[in-house]
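Asker: One structure coming up, written as structure tokens, with questions to follow.
In our numbering, the protein residues as written are 429 to 789.
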């Protein structure tokens, strides 16, 4: 009967919450570990080198190299109990690359689906490029011919690691030989947090007395994480400049509410208020500097966005974007902030701008 019997057999929860001898299953979130592994495996890798057209007949040389930052989206985890490890993962991985000889030549190596149920199979690899026509097809062919086998081998190395336990594998750095909750807490405690610093003062403009100028913001531009990207457009520099800083055009390609301005000190918001910020510097058709944040970030934490616009040839425009001071996580504890920034710029801003206005043709 309930309440009767030998007290020595009554199981009670421990006040200290300890998982003695790893009796209970515990789940270790491995997505951040997976991101670090992808950066180490695929960052700064030469995909193809030699003549740009692959002919070997003295054509201009090129070197297609990946960047230091790999986009890793999805979930990865390891369940642990009494030394038994059961990994699980569903990931989408994108590896951007650029030609060291010509920054306008760029592309992406994509692993569209990596799942634990397919761990014994070679992953699918897709190569795409921003370069149109026959030159673009040659770039894709060169990467497939020179690097595809190596890329698959690197991904299988990752699969072997996570199937062995990833960050909680015996002997893994920081694992302590187990998947204990204390090691998880230590991982979280060692994670650097963004430090806030006052923004530099901006020049006054025609609307210097507006509410935007009175709003005090803070920026983590001197610390935190950062991203860089280069995009090629088939248009004039002024076309990209106007498309980014005119409200009607922004609403057209984002298909959402937006208010932007070309005024220094003016505030803006995009995607119905999900993104907000303030212009710090605006040089017509050449340069834009902004305090920029997602609304989901911790209060008063802003990154610094710098957009440089150049034209190497008539009808061509190169946009170089740098975003610094990105926090490690949002105010809800999500740690995919950098990936959200990168994919947001690449797909929802530059990609949509090209599609809607025909700048990518």
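Note that beta-carbon positions come from the ideal geometry of N, C-alpha and C, so glycine has one too. The structure presented is a predicted model; accordingly, all values stated were derived computationally and were not measured.
1) Measure how close the beta-carbons of residue 506 and residue 456 come, nearest whole angstrom, since I'm counting them as under 8 Å.
2) Nearer than 6 Å: is that true of the beta carbon of residue 495 relative to any heavy atom of the ligand MG?
3) By DSSP, does residue 778 sit in helix, in strand, or in coil?
4) Skipping 5 residues on each side, what residues in its chain have a beta carbon closer than 6 Å to that of residue 656?
5) Checking the sheet assignment: what are the DSSP bridge partners for residue 454?
6) Cα separation between residue 573 and residue 583?
7) According to DSSP, is residue 551 helix, strand or coil?
8) Would you say residue 733 and residue 720 are within 7 Å of each other, going by their C-beta atoms?
9) Using the Cβ count rule (16 or more neighbours within 10 Å means buried), how would you classify residue 642?
10) Near residue 580, which residues of its chain fall below 6 Å by C-beta distance, leaving aside the five closest residues on each side in sequence?
11) Go to residue 720, then tell me how far its beta strand (DSSP E) extends in each direction, as first and last residue.
12) Cα-Cα, which of 662, 467, 454 is closest to residue 783?
13) On the DSSP bridge assignment, give the partners of residue 657 in chain order.
14) For residue 744, which of 514, 533, 508, 476 has the nearest alpha-carbon?
15) On a CA-only basis, which of 498, 499, 501, 476 is nearest residue 492? Give me that one, please.
16) For residue 564, I'd like the list of residues in its chain whose CB is within less than 6 Å of its CB, leaving aside the five on either flank, ordered along the chain.
17) What's the call for residue 541, buried or exposed, on a 16-neighbour Cβ count within 10 Å?
18) With distance defined between alpha-carbon atoms, name the residue in 467, 707, 494, 738 nearest to residue 668.
19) Whole-angstrom Cβ separation of residue 755 and residue 725, contact assumed at under 8 Å?
20) Using a beta-carbon distance below 7 Å, is residue 745 in contact with chain B?
21) For residue 700 versus residue 684, is the C-beta distance shorter than 7 Å?
22) Go ahead and label residue 742 buried or exposed: buried means 16 or more other beta carbons lie within 10 angstroms of its beta carbon, across all protein chains shown.
23) Determine the contact status of residue 501 and residue 518, defining contact as a CB-CB distance below 7 Å.
Answerer: Result, derived from the coordinates:
1) Confirmed, Cβ separation roughly 5 Å.
2) Among the components of this structure there are no ligands whatsoever, and the ligand MG is therefore not found.
3) helix
4) Apart from sequence neighbours up to five positions away, the residues of its chain that approach residue 656 with a beta-carbon distance below 6 Å are 750, ordered along the chain.
5) Beta-bridge pairing links residue 454 to 508.
6) 17 Å
7) coil
8) yes
9) Confidence in residue 642 is poor, its pLDDT being 36 and thus under 50, which makes the residue's placement too unreliable to answer from.
10) 550
11) 715 to 722
12) 662
13) 749
14) 533
15) Proximity to residue 492 across 498, 499, 501, 476 peaks at 476, based on C-alpha coordinates.
16) 557
17) exposed
18) 738
19) 6 Å
20) This model lacks chain B altogether, as it is built from one protein chain only.
21) yes
22) By the neighbour-count rule (16 or more Cβ atoms within 10 Å), residue 742 is not buried but exposed.
23) no
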